[in-house]
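Have a look at the structure below, then the notes.
2 protein chains.
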Amino acid sequence: MIKNDLFLRALRGETVDRPPVWMMRQAGRYLPEFIAIREKYDFFTRCSTPELASEITVQPIRRYGMDAAILFSDILVVPQAMNIPFKMKEGIGPWLDHPVRNQNAVDQVIIPEIQDSLGYVMEAIKATKELLNDEVPLIGFAGSPWTVFCYCVQGQGSKSFDKAKEFCFTQPIAAHQLLQKITTTTIAYLKEKVKAGVDAVQIFDSWGGMLSPRDYQEFSWGYINQIIEELKDESPVIVFGKGCWFALEDMARSNASALGVDWTVSPKLARQLTGNAITLQGNFDPARLFSSPGEIKSMVTKMINEFGKDRYIVNLGHGILPTIPLDNAKAFIDAVKEYQPEIV
Amino acid sequence: MIKNDLFLRALRGETVDRPPVWMMRQAGRYLPEFIAIREKYDFFTRCSTPELASEITVQPIRRYGMDAAILFSDILVVPQAMNIPFKMKEGIGPWLDHPVRNQNAVDQVIIPEIQDSLGYVMEAIKATKELLNDEVPLIGFAGSPWTVFCYCVQGQGSKSFDKAKEFCFTQPIAAHQLLQKITTTTIAYLKEKVKAGVDAVQIFDSWGGMLSPRDYQEFSWGYINQIIEELKDESPVIVFGKGCWFALEDMARSNASALGVDWTVSPKLARQLTGNAITLQGNFDPARLFSSPGEIKSMVTKMINEFGKDRYIVNLGHGILPTIPLDNAKAFIDAVKEYQPEIV
Chain D
1 MIKNDLFLRA LRGETVDRPP VWMMRQAGRY LPEFIAIREK YDFFTRCSTP ELASEITVQP
61 IRRYGMDAAI LFSDILVVPQ AMNIPFKMKE GIGPWLDHPV RNQNAVDQVI IPEIQDSLGY
121 VMEAIKATKE LLNDEVPLIG FAGSPWTVFC YCVQGQGSKS FDKAKEFCFT QPIAAHQLLQ
181 KITTTTIAYL KEKVKAGVDA VQIFDSWGGM LSPRDYQEFS WGYINQIIEE LKDESPVIVF
241 GKGCWFALED MARSNASALG VDWTVSPKLA RQLTGNAITL QGNFDPARLF SSPGEIKSMV
301 TKMINEFGKD RYIVNLGHGI LPTIPLDNAK AFIDAVKEYQ PEIV
Chain S
1 MIKNDLFLRA LRGETVDRPP VWMMRQAGRY LPEFIAIREK YDFFTRCSTP ELASEITVQP
61 IRRYGMDAAI LFSDILVVPQ AMNIPFKMKE GIGPWLDHPV RNQNAVDQVI IPEIQDSLGY
121 VMEAIKATKE LLNDEVPLIG FAGSPWTVFC YCVQGQGSKS FDKAKEFCFT QPIAAHQLLQ
181 KITTTTIAYL KEKVKAGVDA VQIFDSWGGM LSPRDYQEFS WGYINQIIEE LKDESPVIVF
241 GKGCWFALED MARSNASALG VDWTVSPKLA RQLTGNAITL QGNFDPARLF SSPGEIKSMV
301 TKMINEFGKD RYIVNLGHGI LPTIPLDNAK AFIDAVKEYQ PEIV
């Protein structure tokens, strides 16, 4: 049904001529056509208006022809639907007037009916599928419960998420209740997304790397694994854990279809830690897109050779930076499309 | 000469009854006696007045009796002496009006005479040695060239130090010139510190973990290793690389006396990666000091058992957080002093 199914084939571990490519945050601020929309509509309007979200989603596909689209949205739409009212504050980013920091606040967090509160996301998926016209697959995403929890407790972005960790270590029962509420909501949310038409889902654990290996098991991985188990029969699941190299062995034993890795893990070590048993996605340093297009192309070719062309999805190791030149983003995508396997 | 030489013996790899303990940022904002001084004197006054710096340095030793003191100072005194005039901006932290971002700016950076520009640090060391009265050793420190470079180019703190990396990847020649100037200055600075009386030096590579393993070799480790080679015959050198787990194997082959590790690396893996061949320092999650004193004590005991009591210095995996209760810091130190080796 999908004309370019390279991405889905890589997720299934099939042999391919070249790996598929997409970029985290590919629908974003480095694109002038995105900035034009951003100048007219605020953040939550862009997320909640299906015409805008679908248009933003397909912008990078039109310009560069990646092998997968990812629905424009935000991980914080989930807590918003749970009665945790995030704002976007100028110069600060996500902001909560009343962070969730005690049992009483956790009790007030609801598990919403997805269609009532997040129906607009499903409408955006349908609108995007129309625009994509079965050319490439569409990815839906959610934050990991731990990462969403970090924002809910800290109340804003942070370098150390010390308040979130303090809550876990001083009020573990309340913390686990909140994590479970987020998990339950996320499972229902992702199931609805699959029903609405996404071809795969990705879970972003942006802040899992803040935890020790033991605490990661308790406060992050256990909840991610619940999501994988509930989704695995309905959709491929990709888990991207930034800084979570220490958990790759456990992750590889799960029913995830692919694991995202960041650029601190060499391709060789990533393959070693995951026992060559799972599709990997990544891991170009987003700041390396500041190199010249020629250098980018040779680094990408080298990266593909090191990961191997099969069971591999070319991506960055984190979101593309807003100041990356358009030609450099193009060089990244083109290098993959022009890839020729090494003659051994 | 030094009465409690546990720390120095651990650095030499000698057998000890219990490991020594100190905490990164132990002279800092969690202590009411530090806050009392901070209310009267601004940041650079505290660093540059020997009476204040020495008093702040010994405050935690008086209260808790750690096995080593670390001179109160800041990594940014080095670029300040190099004609890079950092300010402390309210609510932002270190700030440069004119970040170093081109060849011309690099050319204007000077390699200073240490006694002229940083003599006050040597005075602070002498004053501290008087106060310490040979009870415990004194550690001197510097930022790694890469970490200092990050602030000089970014002009302020950052989550990704994208401007610093952009400078490296678009103007590598100028970037290496700046890194070398910082390295040359740091070597001279640390040598003067040793002459003034510090018993060991620690290099803080707080932002090395932002780099890929390959870029780390080029932009960080090579310069740190220059420092180690120049200092090794005069003083033990400890290298702490936050997020630099991927470089531990190379680091362990250097002439450093000890390596600091953060809490994302399990003790077992840290020993494995360093081939059991070097003293390790760390790696308690600073946020785990929010746990109860009882829990802290049992986690510390477990950590010592996992690292092993020899070739080990108990520490946090990063600086102590300002909001940690005093009793919890005490529990951390006491757990080490009360440590009894496991009966196998």
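Protein chains in written order, with our numbering: chain D, 1 to 344; chain S, 1 to 344.
Beta carbons: idealized from backbone N, C-alpha and C, even for Gly.
These figures come from a predicted structure and were not determined experimentally.
The ligand FAD heavy atom lying under 8 Å from the CB of residue i
{"i": "residue 27(S)", "result": "With respect to the ligand FAD, the structure shown offers nothing to examine, as it has no ligands at all."}
Bridge-paired residues (DSSP) for residue i
{"i": "residue 280(D)", "result": "259(D), 312(D)"}
{"i": "residue 205(S)", "result": "241(S)"}
{"i": "residue 200(D)", "result": "139(D)"}
{"i": "residue 69(S)", "result": "138(S)"}
Rounded separation between residue i and residue j - CA only
{"i": "residue 325(S)", "j": "residue 290(S)", "result": "8 Å"}
{"i": "residue 143(D)", "j": "residue 27(D)", "result": "17 Å"}
{"i": "residue 238(S)", "j": "residue 202(S)", "result": "5 Å"}
{"i": "residue 23(S)", "j": "residue 184(S)", "result": "28 Å"}
{"i": "residue 96(D)", "j": "residue 219(S)", "result": "38 Å"}
{"i": "residue 77(D)", "j": "residue 155(D)", "result": "14 Å"}
{"i": "residue 308(D)", "j": "residue 30(D)", "result": "29 Å"}
{"i": "residue 161(S)", "j": "residue 150(S)", "result": "6 Å"}
{"i": "residue 271(S)", "j": "residue 158(D)", "result": "31 Å"}
{"i": "residue 63(D)", "j": "residue 330(D)", "result": "9 Å"}
{"i": "residue 148(D)", "j": "residue 9(S)", "result": "45 Å"}
{"i": "residue 244(S)", "j": "residue 282(D)", "result": "19 Å"}
{"i": "residue 179(S)", "j": "residue 247(D)", "result": "34 Å"}
{"i": "residue 11(D)", "j": "residue 214(D)", "result": "29 Å"}
{"i": "residue 234(D)", "j": "residue 293(D)", "result": "39 Å"}
{"i": "residue 102(S)", "j": "residue 82(S)", "result": "16 Å"}
{"i": "residue 252(D)", "j": "residue 302(S)", "result": "27 Å"}
{"i": "residue 341(D)", "j": "residue 199(D)", "result": "27 Å"}
{"i": "residue 174(S)", "j": "residue 116(S)", "result": "26 Å"}
{"i": "residue 91(D)", "j": "residue 299(S)", "result": "39 Å"}
Three-state secondary structure assigned by DSSP to residue i
{"i": "residue 22(S)", "result": "coil"}
{"i": "residue 34(D)", "result": "helix"}
{"i": "residue 95(D)", "result": "strand"}
{"i": "residue 88(D)", "result": "strand"}
{"i": "residue 154(D)", "result": "helix"}
{"i": "residue 235(D)", "result": "coil"}
{"i": "residue 144(D)", "result": "coil"}
{"i": "residue 43(S)", "result": "helix"}
{"i": "residue 222(S)", "result": "helix"}
{"i": "residue 27(D)", "result": "coil"}
{"i": "residue 338(S)", "result": "coil"}
{"i": "residue 264(S)", "result": "coil"}
{"i": "residue 162(D)", "result": "helix"}
{"i": "residue 122(D)", "result": "helix"}
Whole-number beta carbon distance between residue j and residue i, since they are thought to touch under 8 Å
{"i": "residue 349(D)", "j": "residue 53(D)", "result": "Outside the displayed range of chain D (1 to 344) lies residue 349(D), so it cannot be described from this structure."}
{"i": "residue 209(S)", "j": "residue 264(D)", "result": "6 Å"}
{"i": "residue 169(D)", "j": "residue 288(S)", "result": "6 Å"}
{"i": "residue 231(D)", "j": "residue 191(D)", "result": "7 Å"}
{"i": "residue 146(D)", "j": "residue 205(D)", "result": "6 Å"}
{"i": "residue 317(D)", "j": "residue 262(D)", "result": "4 Å"}
{"i": "residue 335(D)", "j": "residue 296(D)", "result": "7 Å"}
{"i": "residue 50(D)", "j": "residue 120(D)", "result": "6 Å"}
{"i": "residue 280(D)", "j": "residue 258(D)", "result": "7 Å"}
{"i": "residue 37(D)", "j": "residue 46(D)", "result": "7 Å"}
{"i": "residue 109(D)", "j": "residue 84(D)", "result": "6 Å"}
Sequence-distant residues of its chain with Cβ nearer than 8 Å to residue i (five each side left out)
{"i": "residue 337(D)", "result": "18, 21, 65"}
{"i": "residue 130(D)", "result": "54"}
Any chain C beta carbon closer than 9 Å to residue i
{"i": "residue 178(D)", "result": "Here the protein chains are D and S, and chain C is not one of them."}
Contact set for residue i: own chain, Cβ-Cβ below 6 Å, skip 5 residues either direction
{"i": "residue 111(S)", "result": "181, 184, 185"}
{"i": "residue 319(D)", "result": "24, 25"}
{"i": "residue 321(D)", "result": "286"}
{"i": "residue 15(S)", "result": "310"}
{"i": "residue 61(S)", "result": "69"}
{"i": "residue 72(S)", "result": "27, 53, 56, 57"}
Cβ neighbours of residue i in the same chain (closer than 7 Å, five flanking residues each side left out)
{"i": "residue 33(S)", "result": "59"}
{"i": "residue 89(D)", "result": "95"}
{"i": "residue 80(S)", "result": "86"}
{"i": "residue 126(S)", "result": "196, 197"}
{"i": "residue 225(S)", "result": "254"}
{"i": "residue 67(D)", "result": "4, 6, 7, 20, 21, 22, 136"}
{"i": "residue 268(S)", "result": "306"}
{"i": "residue 229(D)", "result": "255"}
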